[in-house]
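**Student:**
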């Protein structure tokens, strides 16, 4: 791909792209600025990396339009854009080799149940098991060893990596991506305590619904509802080893980082961001665009959109930072207290 | 099922069931009170939901015997019981369709080792692998893609969902349920440090023993003992993504919520309740019926039965709540300190 | 194995081994000191267990060379060494039965891609799927149901347990052990936020490189780099349910306990020890030999080798313990403050 072709491609996504350099040079692929070689393209999105421009061997660097590129080496060409990071992401997509998870068609070793509807262009990998009455949308990819119970709907262009397990009744939207080892629709953790200390299992009769364009990482777990649905909203992104319990509702475009745990019947608004290892008590609600810090413990509802939460029990960022500053200041408080005690004694004695 | 039939069924489990309404109406299934339709049954276990009784379309609602049902809509019938929640759980079990995880018999694609003993009525799914000398109890279900190493005992009526891995020598009791992705009996994390900073692996030669009526969620891990057994007591319930390390002993009817982590050689008593994401240091012991709050960090043994623990490092609830109140009060303490400082200065100057 | 043979075997690993007792007695296997029977060997590495020497039925006990064994029962023999614990670990390795994960050769139900190179003595289990152009080193073991995407390198003597998933391009060193359910090389969690609140996926084009002698527990996740490699250094040990995000570099012989989470682009030095459930913010660095307490939250880099970190946000052990002591002392501070207030009032009134 020539630099001119890259320029034309990017201008379809990120608006004006100004070229300084050699439009005809061939670019073979992307690399990090500190390790890029001749023939490769990289980017600078953060001023502190600008120093690499003096020494990089990259043939092309995508930079912010405000960068004065004249001062840098003449073997490097530049594309100047408003948002170099997003431009580079689109360029990565261009260079990414499509991953073959399974070949087109149905592998000879796959086992397909009765009454299954399979769309055009589907790829079903080796040893896949698909239960009765499932629907597989057009161009969907079901990786080797993935197991679908009965009555499951998989939307067009969805990609299930190998070793995924989908329990019965799950509805999965278009273009959804689920990485290996994740389990969707297992029973919620519901047991009714009996007077002798033992438990009776509460049947988990609901399902999981996953909206379009959701991506779920590896070894995550999303439990089916007791009744009704556990819902993952359109565009939500869920990282590795996340737990989402029964009856949760996760808002559209909400992002949940690795190892976070959402207890039963929690409702998260749209475009929230939940940090890694954060935990939620059950039956609470967060408004839209709330940001939860890593390892925070959310113990009650927060209904003001757009706030940031932190700490255990979590509180709004401003209060929590004030609280943490006070904690750091505890030594000084103690010293002052001791000083006052001494002075008071002296005063009494005088 | 008619309301009369439901009444008869429930009276076998929860004692006296009083009917107010139409014994002959047909009920098709259960639903949540806020979304129940005509022909469905729901329940009210909590007074704050009583308001829904004015407007619900449910044909039948199970309520506490103290509720005066005369004031509510005449298209709804009522069953009055001592414990509406438990009554409804039994009703859910009645309406739940049995899930088909694998068909009766041994799937053509399953691979069975030598000297395996298989009980009556067993279901072994597609692509299952069972090692040598395993015993599969009567009516047990082994879901597709589940792998059993050698010398494993599976009790009668146990259910292993798809994609479970059971390492060699594991003993699994009757009616045990293990959800997808869980790994039972992997090596404990034991390595002996050497003088050059590297490690020598400590062979993990023990096994895992799981008592009757245990349920284990999805993607949980329970490690084999170094010597002897890691033991999960009868009736214990273990949620998704829980880690139980080598040589632990979990008491009967103890419940462990998602993402909790129990370090090596920990002993938990009977009927304990461990909150989500709680963590335990190794080699400690909890007495029976202890409750551990979510995200707590247990750093030492607690031997008084029935107490509640919270915080990091965790302490008994009363002390911890007092401590947390003091923390919240830190700002007031600081103000008072500054005030005293000022007053003392004035006093000295006067 | 006779006691004399055990003595000879151990002297190859741990230097001088002094025998007190019956060199000809046969030993059948190892056991814990409190449950050892006649014919078994156990060990005492910790003085507080010495009391068991009075009553143990073990035929052989390995003890520290300083222990005066004459005072203990005459049916027990002793081997006196400098490091009884390490000696016992080597003895466990001697007695451990090699686990059969898969038979030598390629199982009939395995599916092997094109251009795969398979070394001598390899064992490939049932239902294994291996993609195109993979290399499987000599004597490597690929457990049943494990899935390898394309272009993967597995070193000599590596052991992959069942139900492991390895994404394309992963490089795995010699003698690496990966337990069931782990997912290596899934996409890093990278999404570029768009102005409408939705996200564009950042292609994850890098790979994972795992050095020689690494062991990875069950259901762990190690994500591929965005560009370049996520690197697990030689000899590192990673426990169950650990998350290692894209672009991390884990140093040689570093140990990470269960459920810890390492965010993107973190660099850990050599011989670090990370406690269970600890969490790391992204883009930070720890020096060599740093110890991180369980549940700690590391929010910035620490570049002094060998220190210990604890708390949230984590700080060096000495500061953190001082801080925790101050917190425990808060009640006393409050009382003193109230006392001063009273005294000051009295003083003013007098």
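Chains as they are written, first to last, in our numbering: chain X, 1 to 350; chain D, 1001 to 1350; chain W, 2001 to 2350. Yeah, the Cβ is synthetic: ideal placement off N, Cα and C, and Gly gets one too. This one's a predicted model, so the numbers in the text were calculated from it and none came from an experiment.
Can you tell me which of the three DSSP states residue 149(X) falls into?
**Tutor:** Coil at residue 149(X), not helix or strand.
**Student:** Going by DSSP, what residues sit across from residue 221(X) in a beta bridge?
**Tutor:** Note: residue 221(X) sits in a beta bridge opposite 183(X), 243(X).
**Student:** List the endpoints of the continuous beta strand (DSSP E) containing residue 1078(D).
**Tutor:** Run containing residue 1078(D): 1077-1081, per the beta strand (DSSP E) assignment.
**Student:** In chain W, which residues lie with their C-beta within 9 Å of the C-beta of residue 56(X)?
**Tutor:** Those do not exist, as residue 56(X) stays about 14 Å from chain W at its closest Cβ, beyond 9 Å.
**Student:** Can you pull out the residues from the region 335-347 of chain X whose beta carbon lies closer than 8 Å to at least one beta carbon of chain W?
**Tutor:** Listed by position, the residues of the region 335-347 of chain X near chain W (Cβ gap below 8 Å) are 337, 340, 341, 344, 347.
**Student:** Rank 74(X), 20(X), 79(X) by C-alpha distance to the C-alpha of residue 45(X) and give the top, closest one.
**Tutor:** Of 74(X), 20(X), 79(X), the residue nearest in Cα terms is 79(X).
**Student:** Would you mind working out which of 1166(D), 1161(D), 1159(D) sits nearest residue 2161(W), comparing C-alpha positions?
**Tutor:** Minimum Cα distance to residue 2161(W) is reached at 1166(D).
**Student:** Measure from the alpha carbon of residue 1035(D) to the alpha carbon of each residue in 1124(D), 1061(D), 1294(D), 1334(D), then state which is nearest.
**Tutor:** Nearest option by C-alpha distance: 1061(D).
**Student:** In whole angstroms, what separates the C-alpha of residue 1186(D) from that of residue 2178(W)?
**Tutor:** Approximately 10 Å, taken between the alpha carbons.
**Student:** In chain X, what lies closer than 7 Å to residue 1325(D) by C-beta?
**Tutor:** Neighbours of residue 1325(D) on chain X: none; closest Cβ ~12 Å, over 7 Å.
**Student:** Using a C-beta cutoff of 9 Å, does residue 2091(W) count as contacting chain C?
**Tutor:** Considering every chain present, this structure includes no chain C. Its protein chains are X, D and W.
**Student:** Any beta carbon of chain W sitting closer than 9 Å to that of residue 100(X)?
**Tutor:** Residue 100(X) counts as touching chain W.
**Student:** Would you call the region 1003-1019 of chain D in contact with the region 2017-2027 of chain W, where contact means no fewer than 3 C-beta pairs closer than 8 Å?
**Tutor:** The answer is no - the region 2017-2027 of chain W does not touch the region 1003-1019 of chain D, with fewer than three Cβ pairs under 8 Å.
**Student:** Which residues of the region 1269-1287 of chain D have a Cβ closer than 8 Å to any Cβ of chain W? Give them in chain order.
**Tutor:** Correct list: 1277, 1279, 1281.
**Student:** So residue 2240(W) and residue 2219(W) are supposed to be a Cβ contact under 8 Å. How far apart are they, rounded?
**Tutor:** Confirmed, Cβ separation roughly 6 Å.
**Student:** In chain order, what residues of the same chain have a beta carbon less than 7 Å from the beta carbon of residue 2377(W), not counting five sequence neighbours either side?
**Tutor:** Because chain W is modelled from 2001 through 2350, residue 2377(W) falls outside the range shown and cannot be assessed.
**Student:** Does the CB of residue 231(X) have a neighbour CB from chain W at under 9 Å?
**Tutor:** Closer than 9 Å: no.
**Student:** So residue 1331(D) contacts chain X; which residues on that side make the cut at Cβ distance below 7 Å?
**Tutor:** Result: 326.
**Student:** For residue 1031(D), return the contacting residues in chain X, with the cut-off set at a CB-CB distance below 7 Å.
**Tutor:** What residue 1031(D) touches in chain X: 227.
**Student:** Note down, in chain order, every chain D residue with its Cβ under 7 Å from the Cβ of residue 2064(W).
**Tutor:** None at all; the shortest Cβ gap to chain D is about 15 Å.
**Student:** Please list, in chain order, all residues of the same chain as residue 2011(W) whose beta carbon is under 6 Å from its beta carbon, the five residues on each side excluded.
**Tutor:** Excluding sequence neighbours, residue 2011(W) sits near 2017.
**Student:** Determine contact between the region 2121-2128 of chain W and the region 2143-2154 of chain W, defined as no fewer than three beta-carbon pairs at a distance below 8 Å.
**Tutor:** Cβ pair count under 8 Å is three or more, so yes.
**Student:** Is there a Cβ of chain D sitting closer than 9 Å to that of residue 2026(W), yes or no?
**Tutor:** So, not an interface residue.
**Student:** Between which two residues does the alpha helix (DSSP H) holding residue 2014(W) run?
**Tutor:** From DSSP, the alpha helix (DSSP H) with residue 2014(W) extends over 2003-2014.
**Student:** Please list, in chain order, all residues of the same chain as residue 1156(D) whose beta carbon is under 8 Å from its beta carbon, the five residues on each side excluded.
**Tutor:** Cβ within range, chain order: 1119, 1137, 1138, 1139, 1140, 1174, 1175.
**Student:** List the residues of chain X whose Cβ lies closer than 8 Å to the Cβ of residue 1237(D), in chain order.
**Tutor:** Here the neighbours are 189, 191, 199.
**Student:** Looking at C-beta atoms only, is the number of pairs between the region 276-285 of chain X and the region 257-266 of chain X that lie closer than 8 Å three or more?
**Tutor:** Touching, per the Cβ criterion.
**Student:** Report, in whole angstroms, the separation of the C-beta atoms of residue 1216(D) and residue 1265(D), which I expect to be a contact under 8 Å.
**Tutor:** With a Cβ gap of about 20 Å, residue 1216(D) and residue 1265(D) do not count as contacting.
**Student:** Thinking C-alpha only, which one of 1250(D), 1317(D), 1328(D) is nearest residue 1284(D)?
**Tutor:** The candidate whose alpha carbon is nearest that of residue 1284(D) is 1250(D).
**Student:** Please classify residue 1213(D) as buried or exposed, where buried requires at least 16 neighbouring CB atoms within 10 angstroms.
**Tutor:** The residue in question, residue 1213(D), is buried, as its Cβ has 16 or more Cβ neighbours within 10 Å.
**Student:** Quick one: what's residue 2205(W) bridged to in DSSP?
**Tutor:** Residue 2205(W) is not bridged to any residue.
**Student:** Along chain W, in chain order, which residues have C-beta atoms closer than 7 Å to that of residue 1203(D)?
**Tutor:** Those within 7 Å of residue 1203(D) in chain W are 2092, 2093, 2096.
**Student:** I'd like to check one pair, residue 1229(D) with residue 1252(D): are the Cβ atoms closer than 9 Å?
**Tutor:** In this structure, residue 1229(D) does not lie closer than 9 Å to residue 1252(D) by Cβ.
**Student:** Per DSSP, which residues does residue 2290(W) bridge with? Please list them.
**Tutor:** Answer by DSSP bridge pairing: none, since residue 2290(W) is not bridged.
**Student:** Examine chain D for any beta-carbon lying closer than 9 Å to the beta-carbon of residue 243(X), and answer yes or no.
**Tutor:** True, the Cβ-Cβ gap to chain D drops below 9 Å.
**Student:** Is the Cβ-Cβ distance between residue 306(X) and residue 2199(W) less than 9 Å?
**Tutor:** No, the Cβ-Cβ distance between residue 306(X) and residue 2199(W) is not below 9 Å.
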